[in-house]
Structures are given as structure tokens and as C-alpha cells.
Amino acid sequence: MNLKIITKTILVFITLLIITFSPFYFLTIEKESKELIHKTEFIKQKVRIDSIDIQTSNIDGPGAQHYYIYYHNKKDYISLLDYRDVLFSTKKQKQNFNHFLSQTKNDSTFYLPSNDSIWIWYHPILEDNYATNEETQLDVSNNILLIVVNSLLLTISISALIWQIKRWTKKS
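Numbering (our numbering), first residue to last: 52 to 223.
Written out as C-alpha cells, the structure reads:
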């Protein structure tokens, strides 16, 4: 096969992947922007764990586990990603998961009374975030990077769609 055809096929495949995931880029930009804008409105709270649901999926990587930690009589939850089995994870995700494991590693399935609570960053409207005892304010250091990367991917997908539509209209 010709190298030009292989390169073109790979670029088309990558572009289609980027376009397919474009709604997720928009949702990530929206979530991270709101967190960044309202970071001072988050209140640190200690909550008692009602239950923990561990689910495995292949979305983030083969066998990636998500820990859903329920509190407030199972009305609210936060999600922690076990970064050890995923392709990409942020520094904050790693720190939060390691902290959570260190808090609960000596416990059995039935948590000891001394370790039945976690700290969260609570916001009445936005999604709650995991917190450590040492944190004094919500860490939004990764938010700007996530906004920039997802904006770039969204721009690429929109540009690719516009280019393809123009190409189709030229042919007809």
C-alpha cells in the first residue's frame, strides 16, 4: 500500500474519533469552567459514608474501576477513579484515590467507626468533589489544562466538520 493512503486513512480515523467525542469535550469544558468560576463557593464538609459501590468499565481503560461513595442517606455521591488501570489520569485523581485508599485500607468491608467518614467539597448546585483533611480550598489547578485541551479538541472537531461540509457542497 502507498504511504500516502495509509497516512490519509489514519488521519481520517483520528478525525472521526475526535468528532465522535466532541459532545464530551463540551460537557467537560462546561463542568470545569463552572468549578473554576465558583471555586470560592465550595464548602468543606465531613460526611458519613453510607455505602461504596465499585463498578468496572472499559471506558477509561481495560478493567478501570470507579468507586461511587454515597452519603447523605444515599442522596448524594462522589466518584473516584482507580487510576491504576486507566490510560490517562490527572495528578489530582491520583492524589484523591491514594488518599482514599490510605484512609480505608485497614478496614474490612464493614467500615470501622473511626473511618466511616470522608471530607468533601460541597456545593448546593455543582457536583461535589473529594477533599483531604489538609486542603483549605478546592484545588482547581487541573481545570485550566482540561479546559484548554478540550477546547482545542472541540475546535479541531468543528473545523473538520466545516471543512467536510464545504467539500461536499463543492462536489454538488
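Note that CB positions come from ideal geometry on N, CA and C, so glycine has one too.
With respect to I65, L212 sits apart: the two C-beta atoms are not nearer than 9 Å. When C-alpha distances from S168 are compared across I176, Y181, P74, H174, the shortest belongs to Y181.
Look at K221 here: in three-state DSSP terms it is helix.
Secondary-structure assignment with DSSP links R99 through a beta bridge to S168. If the five residues before and after S208 are omitted, its C-beta is found closer than 6 Å to the C-beta atoms of I69, I70, S73, all from its own chain and listed in chain order. Judged by their CB atoms, Y118 and D101 are not nearer to each other than the 9 Å cut-off.
DSSP, reduced to helix, strand and coil, places Q188 outside both helices and strands of the structure shown, so it counts as coil.
Short of 7 Å from the beta carbon of I198, and not among the five residues preceding or following it, lie these beta carbons of its own chain, in chain order: I80, E83, S84.
Bounds of any beta strand (DSSP E) do not take in L177, whose DSSP letter is neither H nor E. Rounded to whole angstroms, the separation of the alpha carbons of S210 and Q144 is 31 Å.
Assignment of H89 by DSSP, reduced to helix, strand and coil, places it in the coil class.
The three-state secondary structure of H117, taken from DSSP, is strand. In this structure, H174 lies away from F75, with their beta-carbon atoms at least 9 Å apart.
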